[in-house]
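In case it helps, numbering that gives the first Met the number 0 puts the first sequence at residues 0 to 921. Even for Gly, the Cβ is constructed at its ideal location relative to N, Cα and C. Quick notes on the structure that follows.
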Amino acid sequence: MEKTYQPGAIEKNWYENWENKGYFAPSGQGEPYCIMIPPPNVTGSLHMGHGFQESIMDALIRYHRMKGCNTLWQVGTDHAGIATQMVVERLLDADGTNRHALGREKFIERVWEWKEESGGHITRQLRRLGASPDWSRERFTMDDGFYEAVQEVFIRLYQDGLIYRGKRLVNWDPKLHTAISDLEVINEEKKGHLWHFKYPLTDGSGHLVVATTRPETMLGDTAVAVHPDDERYAHLIGKTIKLPLADREIPIIADEYVDKDFGTGCVKITPAHDFNDYEMGQRHNLPMINIFDDNAHLNTNTPEAYQGMERFAARDKVVADLDALGLLEKVVDHDLKVPMGDRSGVVIEPYLTNQWYVKTQPLADEAIKAVEGGDINFVPKQYENMYFSWMRDIQDWCISRQLWWGHRIPAWYDDQGNVYVGRDEQEVRAKHQLGDDISLKQDEDVLDTWFSSGLWTFGTLGWPEDNDFLKTFHPSSVLVTGFDIIFFWVARMIMLTLYFKKEVPFHTVYVHGLVRDSQGQKMSKSKGNVLDPIDLIDGIDLESLVSKRTAGMMLPKLKAKIEKQTRKEFPEGIASYGTDALRYTYYSLASTGRDINFDVGRIEGYRNFCNKLWNASNYVLMNTENTDTGADGSTDFELSLADRWIISRLQEAEKAVIEGFTTYRLDLASQALYDFIWKDYCDWYLELTKPVLWDDNASDARKKGTRRTLIRVLEATLRLAHPLMPFITEEIWQRVKPLAGVEGETIMLAPYPQPEEAKIDSQATQDIEWVKEVIVGIRAIRGEMNISMAKQLPVFFKNGSTEDKRRMEENTQFLKKLATLENITWLNADEEALLSATNLVGKLEILVPMAGLIDKDAELARLDKEIGRLEKDVQRVEGKLGNAKFVDKAPEDVVQKEKDKLAEFKDALNKMQDQKTKIAAL
RNA sequence: AGGACCGUAGCUCAGUUGGUUAGAGCGCUACCUUGACAUGGUAGAGGUCGGCGGUUCAAAUCCGCCCGGUCCUACCA
Numbered sequence: 000m001e002k003t004y005q006p007g008a009i010e011k012n013w014y015e016n017w018e019n020k021g022y023f024a025p026s027g028q029g030e031p032y033c034i035m036i037p038p039p040n041v042t043g044s045l046h047m048g049h050g051f052q053e054s055i056m057d058a059l060i061r062y063h064r065m066k067g068c069n070t071l072w073q074v075g076t077d078h079a080g081i082a083t084q085m086v087v088e089r090l091l092d093a094d095g096t097n098r099h100a101l102g103r104e105k106f107i108e109r110v111w112e113w114k115e116e117s118g119g120h121i122t123r124q125l126r127r128l129g130a131s132p133d134w135s136r137e138r139f140t141m142d143d144g145f146y147e148a149v150q151e152v153f154i155r156l157y158q159d160g161l162i163y164r165g166k167r168l169v170n171w172d173p174k175l176h177t178a179i180s181d182l183e184v185i186n187e188e189k190k191g192h193l194w195h196f197k198y199p200l201t202d203g204s205g206h207l208v209v210a211t212t213r214p215e216t217m218l219g220d221t222a223v224a225v226h227p228d229d230e231r232y233a234h235l236i237g238k239t240i241k242l243p244l245a246d247r248e249i250p251i252i253a254d255e256y257v258d259k260d261f262g263t264g265c266v267k268i269t270p271a272h273d274f275n276d277y278e279m280g281q282r283h284n285l286p287m288i289n290i291f292d293d294n295a296h297l298n299t300n301t302p303e304a305y306q307g308m309e310r311f312a313a314r315d316k317v318v319a320d321l322d323a324l325g326l327l328e329k330v331v332d333h334d335l336k337v338p339m340g341d342r343s344g345v346v347i348e349p350y351l352t353n354q355w356y357v358k359t360q361p362l363a364d365e366a367i368k369a370v371e372g373g374d375i376n377f378v379p380k381q382y383e384n385m386y387f388s389w390m391r392d393i394q395d396w397c398i399s400r401q402l403w404w405g406h407r408i409p410a411w412y413d414d415q416g417n418v419y420v421g422r423d424e425q426e427v428r429a430k431h432q433l434g435d436d437i438s439l440k441q442d443e444d445v446l447d448t449w450f451s452s453g454l455w456t457f458g459t460l461g462w463p464e465d466n467d468f469l470k471t472f473h474p475s476s477v478l479v480t481g482f483d484i485i486f487f488w489v490a491r492m493i494m495l496t497l498y499f500k501k502e503v504p505f506h507t508v509y510v511h512g513l514v515r516d517s518q519g520q521k522m523s524k525s526k527g528n529v530l531d532p533i534d535l536i537d538g539i540d541l542e543s544l545v546s547k548r549t550a551g552m553m554l555p556k557l558k559a560k561i562e563k564q565t566r567k568e569f570p571e572g573i574a575s576y577g578t579d580a581l582r583y584t585y586y587s588l589a590s591t592g593r594d595i596n597f598d599v600g601r602i603e604g605y606r607n608f609c610n611k612l613w614n615a616s617n618y619v620l621m622n623t624e625n626t627d628t629g630a631d632g633s634t635d636f637e638l639s640l641a642d643r644w645i646i647s648r649l650q651e652a653e654k655a656v657i658e659g660f661t662t663y664r665l666d667l668a669s670q671a672l673y674d675f676i677w678k679d680y681c682d683w684y685l686e687l688t689k690p691v692l693w694d695d696n697a698s699d700a701r702k703k704g705t706r707r708t709l710i711r712v713l714e715a716t717l718r719l720a721h722p723l724m725p726f727i728t729e730e731i732w733q734r735v736k737p738l739a740g741v742e743g744e745t746i747m748l749a750p751y752p753q754p755e756e757a758k759i760d761s762q763a764t765q766d767i768e769w770v771k772e773v774i775v776g777i778r779a780i781r782g783e784m785n786i787s788m789a790k791q792l793p794v795f796f797k798n799g800s801t802e803d804k805r806r807m808e809e810n811t812q813f814l815k816k817l818a819t820l821e822n823i824t825w826l827n828a829d830e831e832a833l834l835s836a837t838n839l840v841g842k843l844e845i846l847v848p849m850a851g852l853i854d855k856d857a858e859l860a861r862l863d864k865e866i867g868r869l870e871k872d873v874q875r876v877e878g879k880l881g882n883a884k885f886v887d888k889a890p891e892d893v894v895q896k897e898k899d900k901l902a903e904f905k906d907a908l909n910k911m912q913d914q915k916t917k918i919a920a921l
């Protein structure tokens, strides 16, 4: 084996081997276990959040596969309507053309071309993470088969009266020229103004003052509203306003929505350009005057002077014009939230358009019941509240998008504007007896991408066709996802799946946190704090990292800042840590749904952990290869105390890791495994094997027992660790398996370890704990007295029990080797010891003679420290026991424990004080 | 405004149904190249568990209030 662990050298080979051999496919046997990947955006590349999510899924999948489940991990990507269309439009732009010049058909061809070239990027990266999905079943939301499912769902929902078309106010993106959902609108806090305008009353009796943050919309005002109980304005209700500039007469109405205490208490109402005003407009039957075109430029419903103006230019002009008329009362600074398009970054307009909607209430009712009734469980549980609160206040879902890339809506219109929904034009004609003389035109719009991803769990399995895969793997077992798409996706999957499949899409939703940088900042390109998981795996030099982080940066100032920050944080660039270390870091931080702050210091620690495992395995192989390890099943071996102990500890480690998997606490699983490998197996057990293997007098049976245990515990540990660190465990396991008497082509398909109660040996555990305490006690004296580890010491044991004596006799060789002892002498009660430095293991005194080794003052200082500590302990416990209430009310065993403790502390204190007296008298 | 989550060592994080001396990794200090590993070993320093109250024999843990942070939802035009 290589002297140090070299991840790059093994990962690629093993991955190709696994994939080529088809190990990722379901076995066809055992209990079904299925995860559907949340389809990453096809335009995307793998970021830290994906890395985290995929690593979690892969661990769960590998764990269940090894447990013998019929395991399917279905992978795929999402066509991402807006994002993909934007990417390709940018390419066209660079070529000096655009989609309109190309035409719809050619444009879509171009998108497909692009998808073929670039769409594999993210799946290639997924492979680098060691992900083990069934690649043969990879799906894309625009696949033919999937399209059938999407179409079917649309048609059935339409037939069932759950899809309708309507003219409503939507979130309009004036740059992308499409409706977008509420969830794609980000409300940003902005500093703005509140303009106060005087609106003259028609009867000439004066004016009232309205306040607005959006002056340009006044051109579309169709009322002014006041609160019905507002005495200041009661006399105005029913009168009318002469709307300036637009020169229209509009009513003054009363509505409880108005807040008397805000601004002047008078609100201008623009039903076509504000969601609240829209509702008020409906309540009062107000006309809706749309003042914008698709670009949010002013249209012909506005006075000629404004027509064609861009919305913000129009704002300035409205303000100036009103000011010129003496109608601008004042302008005050005002903080407000501005709706911004998530993708386009421009201000979103509430805009009246014809759109398709899903009537969500009936679907939501069922979806709520599924979670309330426990058919679906969220982990952690608190996310259920988030889900409920959204579901209970759900709005109808606008599913049409004015894009070209996506699932085109299967609806046709005749010249009269009648709409016909069906699979294709022929079907529509046949069904509605429309002759060839009637021209039909398909709806230009496509469906919201989330409409198709809502069918992901069953659509990917071949629905509407009813096949074996669908029967076996649906509902899926668990959905692993971030909380940020619970509304976008999780909720919609639950609604649509319940409606069409009459069953839930998944039983458990495991919600993980967001990956942030080590400071808790969100990773973003503009902050320049993005880490690429692949760079953590392969490493990257500083210059490449800097140019990567600043690529495409337009602002020189920002670019310089990011460069500086990057050079400071990674002066040496990023080292190559390997996939397993990256994955382990994710797991160690994957506690209950909270965000994780990714600190490069952690990954370095886990790279070291991989190296530790590598080198420990090297030691094991060196000592077992070409020897008899009992691989043939022979039983002529004998287990040492250390062997029994490590086997026992292995059972407990297995329990803890399995517990971590079943409760989705991969941080606890990884911690338990880490501690077992490093602290139990490497720090103690490997050291404890040396006195046996290197002892010429040890029996063959005992040596064989030790070698057998070394290799078998390692073999089981590798299987235990495999779901978390697939590559290194496979590499080592291949060498270990013949020596452990294990068959199998790959660790991936080897059985997962099962703890056996019978192998838990508390006697061995207690004995080894004693051995460890003795060794640590001696080392502590050595460490504090600056005695070299190389110096062999004589030690004396005094005041020990018969149990101590037995343990000493049985473990002399362990103690001598691990504490570097010259000899151990047991002193009977009546024997006087040499003047010594002392440590206690229970009542047993461990004595290291001072002669020539230990300075009197140093030992006195050490004793003082120890005595001080014990005095505090005694004081604390005495205080507790002196409290009558504690003694009366606390449970018996707790009180007894305190009493035992006190006795122990007092005994230790006495012994230490005696020592001090003796040494001080010197 | 409402809600959720978080605040534990210099940093990143664990801490189960309240009950040993509150733990880990990184970093730090001292010593050590000993025959798996310096990506290592041994020993050690470092915490009034955000603050104040309360419940309890006993609170990092349960309850209330406050402070600080993150996020979500809804927003007053």
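Quick one: using the 10 Å Cβ neighbour count with 16 as the cut-off for buried, is residue i buried or exposed?
i       : result
Pro-302 : exposed
Glu-858 : buried
Tyr-256 : exposed
Gly-512 : buried
Glu-755 : exposed
Ser-204 : exposed
Are residue i and residue j touching if we call contact CB-CB under 8 Å?
i       : j       : result
Leu-826 : Ala-832 : yes
His-333 : Thr-212 : yes
Ala-757 : Leu-640 : no
Ala-589 : Ile-55  : yes
Pro-890 : Pro-848 : no
Asn-170 : Ile-347 : yes
Leu-541 : Glu-502 : no
Asn-607 : Met-0   : no
Ile-645 : Thr-578 : no
Comparing alpha-carbon positions, which option in the options lies nearest residue i?
i       : options                   : result
Lys-749 : Arg-778, Glu-116, Thr-716 : Residue identity check: residue 749 is Ala in the sequence provided, not Lys. Of Arg-778, Glu-116, Thr-716, the residue nearest in Cα terms is Thr-716.
Asp-436 : Ala-130, Arg-428, Ile-918 : Arg-428
Thr-83  : Arg-422, Val-110, Asn-617 : Val-110
Ile-60  : Asn-696, Tyr-663, Asp-892 : Tyr-663
Measuring straight from C-alpha to C-alpha, what distance separates residue i and residue j?
i       : j       : result
Ile-746 : Ala-739 : 13 Å
Trp-194 : Ser-525 : 33 Å
Phe-291 : Glu-426 : 38 Å
Thr-496 : Ala-366 : 9 Å
Asp-254 : His-206 : 19 Å
Gln-812 : Asp-635 : 23 Å
Arg-136 : Val-337 : 43 Å
Asp-172 : Thr-239 : 34 Å
Thr-96  : Ala-580 : 46 Å
Gly-28  : Gly-21  : For clarity, residue 28 is Gln in the given sequence; the question names Gly instead. Whole-angstrom Cα-Cα distance: 15 Å.
Assign residue i to one of three DSSP states: helix, strand, or coil.
i       : result
Val-370 : helix
Thr-140 : coil
His-120 : helix
Tyr-32  : strand
Ser-475 : strand
Ala-79  : coil
Asn-596 : strand
Lys-736 : coil
Lys-174 : coil
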